[in-house]
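Residue numbers (the numbering used here): 1 to 214.
Laid out in structure tokens, this is it:
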């Protein structure tokens, strides 16, 4: 109930829509959350929920969400733009996600983190809608009378990568600097720098031109 009352207060006053009052509003939210929501997991849920509660139609909210996600524990090094309906699994693992400055994350992106398998997003990365980053999976081979074993591996997205709509990035993948992943691809292995990949599973389509023109 406290969470809903706080949400209603700030949505009714619309202070969160004003860019010049963002810092003041975020500071007040932090004070309120510390006083009334002492549990870190609850605070994480509160700030993620608030970030997703902001209407997508208000452009300035893209500039607000990253500040709220930072309060939730996500490691963000500078200004980024984040659209709505970001999903972070599991609760208590927000600190396992790091996002570099200048990155843009579209709607409906899912980050599935694990204790020993962080997700690292570099600078100036473009992530399309409905992408998924999965650090955990299960073995293909099934032993008789046993469940499939679970494993976790970190994900690394280097600087200046473009990940198009609906891409799935699986455990242990590293996508090299300046690469492009075509829409709908499932990335199961590392992607070399400045490479276009696509398909299921993703394969190299062609090499891209380096910034120096080579």
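Think of the CB as a built atom: it goes at the ideal place given N, C-alpha and C, for glycine as much as any other residue.
From the DSSP output, in three-state form, read off residue 150 for me.
-> strand
Would you list the one or two residues that DSSP bridges to residue 136?
-> 152
Could you give the C-beta distance for residue 74 and residue 105, rounded to a whole number, given that I count them as a contact under 8 Å?
-> 11 Å between Cβ atoms; not a contact.
Pair within 7 Å by beta-carbon distance, residue 103 and residue 125 | yes
Hey, residue 172 and residue 185: beta-carbon distance below 7 Å or not?
-> no
Rounded to whole angstroms, what's the CA-CA distance from residue 179 to residue 160? Just pull it up for me.
-> 7 Å
Could you tell me the distance, in whole angstroms, from the CA atom of residue 203 to the CA atom of residue 166?
-> 16 Å
Taking residue 83 and residue 107 to be in contact with their CB atoms under 8 Å, please state how far apart those CB atoms are, rounded to whole angstroms.
-> 4 Å
Which of helix, strand or coil DSSP assigns to residue 130 | coil
Beta-carbon separation of residue 111 and residue 169 under 7 Å?
-> no
Closest to residue 96 by CA distance: which of 120, 212, 128 is it?
-> 120
What number of angstroms, rounded off, separates the C-alpha of residue 123 from the C-alpha of residue 177?
-> 10 Å
What are the partner residues of residue 89, as DSSP defines its beta bridges?
-> 112
Option nearest residue 80 by Cα separation, candidates 139, 64, 146 | 64
Take the Cβ of residue 67 as the centre, count every other Cβ of all protein chains shown within 10 Å, and call the residue buried at 16 or more, exposed below.
-> buried
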